[in-house]
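Everything below concerns the one structure shown next.
In mature numbering (1 follows the signal peptide of the UniProt record, and there is no 0), the protein residues as written are -23 to -1, 1 to 526.
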């Protein structure tokens, strides 16, 4: 053979093996990336300069007879494990087909403790974001299209999304389960899953090009609540360096074994649930089909939430923040201007006259009523009640966290998402709960949305989304959010700076003056009286008068 042709053949073969091009210059698919973790080697997929790994087990979910136990170590594997497909979501009930949030995962299982990673192909010591999905701790999955992390990875971030146990399988406490525990506690299994995922990230993310010393947790709604839990959980201390918290709440939560703050104990709630399920004991509940148990618990009214157990969650969140015992990390925290727009069908109707409105509010807010009526006036109609509900749950909580981190000398950045677009405006869904999520991910197409979601169709949508992605990724990298061509985002500080995302980011001071002070005064009064706080009370309108019917 001609030696020149032989050399050319060797070069061509090398190019083929490298995934560069064929001998006729046809581009070839990039070679699948391989990464070795503490449990074994993974084969991911390559796309547009990124390496993507899906369905990576970070812990073994206790199932069957082990149900309602902390996450277990994963089993190591030999050879190469395929990581090109998403793993199953955690067990969850069906959502009404007409719901704005109806976006069922492709498959679900009790064995669901997996995570996904999007990384730049050339990542080295890159900032890491760990995404915790929302869904009332009942629904959701890391595989939903809206949560695709490619836009973060294209901006230099190693992006991780995780699953955690949901519903009764993730959050039920029971006295028999507490007796089984070496710590005498139960509940919070979904939170323990999240901590296990963060431990896995700390031990393995460097192999994917991420910096284990520069990890930002990020979540929305129940994911934001989870991030807030992680900020006060001793077992999570040191596992993250910053937090992005989108629409959290600091309400009162049940204590493990005693009634308090107007709430029954978490164990009492668990006992009542098993009774409704017809399960004589924990053994009988463990023998139930996981999907049937999840569905029936939901129909029985079980509301998954954290348990104040003295160990995983040592105390009420507000008390920990008041004492300055939370994680000392910078935060981006905020909420949406009209969180409760999708909930307008719950019957919130403004009473016919200002006098009737005052009579509705006064029994609950007492001497705070005049200030309430100033901030949420009668002439706003039902919008006043809807916004008061959203502010009570999410606005007060977000601003309280911003203030608390500032009090520790840390940078905290407060935002309000107030962007609207024609399809949302047509349905009175401007800046509704979770509407910022597609914008923070840059996933604005109909294919990324649940079926009934108003798909962004405005002139400024991409501008807003790109700005949010820049602010979020720069914060993950350095602790200071910045976006070229947009306002400097000042820390919340004593001047109460914030950024409002409308058709463009707009800087301001003291969002909705008096709102935080009113709701803080109200929450402190409720706490002092031993009642629950942080949820809307006294906002259900009286039945319509004869003239209104």
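By construction, the Cβ of each residue, glycine as well, lies at the ideal position given by its N, Cα and C atoms.
Fair warning: this is a prediction, and the values are worked out from it, not measured in the lab.
For this session: Tell me where the alpha helix (DSSP H) around residue 454 begins and ends.
Result: As a first step, residue 454 must be located in the chain shown, where it is residue number 477. Unbroken alpha helix (DSSP H) run through residue 454: 438 to 455.
Problem set entry | 8 Å Cβ shell around residue 18 - same chain, five flanking residues per side excluded | Position 41 of the chain shown holds residue 18. Excluding residues up to 5 positions away in sequence, 11, 12, 56, 57 and 58 lie with their Cβ nearer than 8 Å to the Cβ of residue 18 in the same chain.
Problem set entry | DSSP beta-bridge partners of residue 86 | Looking up residue 86 in the chain shown gives position 109. In the DSSP output, where bridge partners are listed per residue, residue 86 has 67.
For this session: Figure out for me which residue from 476, 493, 52 and 492 has the closest Cα to the Cα of residue 485.
Result: Stepping through the chain shown from its first residue, residue 485 is reached at position 508. Residue 476 holds the alpha-carbon nearest to the alpha-carbon of residue 485 among 476, 493, 52 and 492.
Problem set entry | Residue from 238, 268 and 273 with nearest C-alpha to residue 252 | In the chain shown, residue 252 corresponds to position 275, counting from 1. Here the closest residue by C-alpha is 273.
Exercise. For residue 392, which of helix, strand or coil comes out of DSSP?
Worked result: In the chain shown, the residue the question calls residue 392 occupies position 415. Residue 392 falls in the strand class under three-state DSSP.
Problem set entry | Outcome for residue 148 when other beta-carbon atoms lying within 10 angstroms are tallied against a minimum of 16 | Along the chain shown, read from residue 1 onward, the residue named residue 148 stands at position 171. Residue 148 comes out buried.
Exercise. What three-state label does DSSP hand residue 354 in the structure shown?
Worked result: Reading the chain shown from its first residue, position 377 is the one you call residue 354. Coil, per DSSP.
Problem set entry | Residue from 374, 330 and 179 with nearest C-alpha to residue 357 | The count along the chain shown starts at 1 and reaches residue 357 at position 380. Ranking the options by Cα distance to residue 357, first place goes to 330.
For this session: Under the assumption that residue 188 contacts residue 66 (Cβ atoms under 8 Å), give the Cβ distance between them as a whole number of angstroms.
Result: On the chain shown, position 211 is the one that residue 188 refers to. On the chain shown, position 89 is the one that residue 66 refers to. 29 Å between Cβ atoms; not a contact.
For this session: Could you tell me the distance, in whole angstroms, from the CA atom of residue 156 to the CA atom of residue 184?
Result: Here residue 156 corresponds to residue number 179 of the chain shown, with the count starting at 1. Here residue 184 corresponds to residue number 207 of the chain shown, with the count starting at 1. Going by the C-alpha atoms only, they are around 40 Å apart.
Exercise. According to the Cβ coordinates, are residue 283 and residue 233 closer than 8 Å?
Worked result: Within the chain shown, residue 283 is the residue found at index 306, counting from 1. Within the chain shown, residue 233 is the residue found at index 256, counting from 1. Contact annotation: residue 283 and residue 233 have beta-carbon atoms that are not nearer than 8 Å.
Problem set entry | Whole-angstrom C-beta distance between residue 177 and residue 136, which should lie under 8 Å | What you label residue 136 is simply residue 159 of the chain shown in a count that begins at 1. What you label residue 177 is simply residue 200 of the chain shown in a count that begins at 1. Not quite, the Cβ-Cβ distance comes to about 15 Å (not below 8 Å), so this is no contact.
Exercise. So is residue 343 buried or exposed if we call it buried at 16+ other beta carbons inside 10 Å?
Worked result: Here residue 343 corresponds to residue number 366 of the chain shown, with the count starting at 1. Residue 343 counts as exposed, since fewer than 16 other C-beta atoms from the protein chains shown sit within 10 angstroms of its C-beta.
Exercise. What whole-angstrom Cβ distance do residue 36 and residue 260 have, given they're in contact under 8 Å?
Worked result: Walking along the chain shown from the start, residue 36 turns up at place 59. Walking along the chain shown from the start, residue 260 turns up at place 283. The Cβ separation is near 24 Å, so there is no contact.
Exercise. Whole-angstrom Cβ separation of residue 87 and residue 267, contact assumed at under 8 Å?
Worked result: Residue mapping note: residue 87 aligns to position 110 of the chain shown, counting from 1. Residue mapping note: residue 267 aligns to position 290 of the chain shown, counting from 1. For a cut-off of 8 Å, the C-beta gap from residue 87 to residue 267 is around 5 Å, short enough to register as a contact.
Problem set entry | residue 237 - partner residues in DSSP beta bridges | The residue given as residue 237 occupies position 260 in the chain shown. DSSP lists 240 as partners of residue 237.
Problem set entry | Same chain, Cβ closer than 8 Å to residue 377, five either side skipped, listed in chain order | Along the chain shown, read from residue 1 onward, the residue named residue 377 stands at position 400. Here the set comprises 227, 295, 298, 493 and 497.
Problem set entry | Bounding residues of the alpha helix (DSSP H) (the contiguous stretch that carries residue 400) | For the purposes of this step, residue 400 is identified with residue 423 of the chain shown, where counting begins at 1. Judged by DSSP secondary structure, residue 400 falls within the alpha helix (DSSP H) whose first and last residues are 399 to 402.
Exercise. What are the residues that DSSP puts in a beta bridge with residue 96?
Worked result: Position 119 of the chain shown, counted from the first residue, corresponds to residue 96. For residue 96, DSSP records a beta bridge to 28.
Problem set entry | Sub-8 Å separation of residue 306 and residue 217 beta-carbons | Residue numbering aside, residue 306 sits at position 329 when the chain shown is read from its first letter. Residue numbering aside, residue 217 sits at position 240 when the chain shown is read from its first letter. Yes, they are a contact pair.
Exercise. How big is the Cα-Cα spacing for residue 289 and residue 210?
Worked result: Here residue 289 is taken as the residue at index 312 of the chain shown, counted from 1. Here residue 210 is taken as the residue at index 233 of the chain shown, counted from 1. Using only the alpha carbons, I get a separation of about 6 Å.
Problem set entry | Pair within 8 Å by beta-carbon distance, residue 315 and residue 200 | The sequence position of residue 315 within the chain shown is 338, counting from 1. The sequence position of residue 200 within the chain shown is 223, counting from 1. No.
For this session: Measure the alpha-carbon distance for residue 241 versus residue 104 and round it to whole angstroms.
Result: Numbered from its first residue, the chain shown carries residue 241 at position 264. Numbered from its first residue, the chain shown carries residue 104 at position 127. Their Cα atoms are separated by approximately 42 Å.
Exercise. When burial is assigned at 16 or more other CB atoms within 10 Å of the CB, is residue 474 buried or exposed?
Worked result: Here residue 474 refers to the residue found at position 497 of the chain shown. Taking all protein chains in view, the Cβ of residue 474 is crowded by 16 or more other Cβ atoms within 10 Å, so the residue is classified as buried.
Exercise. To the nearest whole angstrom, what separates the beta carbons of residue 303 and residue 381, a pair I think is in contact under 8 Å?
Worked result: One-based indexing of the chain shown puts residue 303 at position 326. One-based indexing of the chain shown puts residue 381 at position 404. Rounded to whole angstroms, the Cβ separation of residue 303 and residue 381 is 7 Å, and the two are in contact under 8 Å.
For this session: Let me know if residue 524 comes out buried or exposed under the rule of 16 or more other beta-carbons within 10 Å of its beta-carbon.
Result: For the purposes of this step, residue 524 is taken as residue 547 along the chain shown, with counting starting at 1. Low per-residue confidence applies at residue 524: pLDDT is 35, beneath 50, and the placement is therefore not dependable enough to give any value.
Problem set entry | Distance, residue 138 Cα to residue 61 Cα | For the purposes of this step, residue 61 is taken as the residue at position 84 of the chain shown. For the purposes of this step, residue 138 is taken as the residue at position 161 of the chain shown. Cα-Cα distance, rounded: 15 Å.
Problem set entry | CB-CB length for residue 81 against residue 70, believed under 8 Å | Numbered from 1 along the chain shown, position 104 holds the residue referred to as residue 81. Numbered from 1 along the chain shown, position 93 holds the residue referred to as residue 70. Not really, about 10 Å apart at Cβ, beyond 8 Å.
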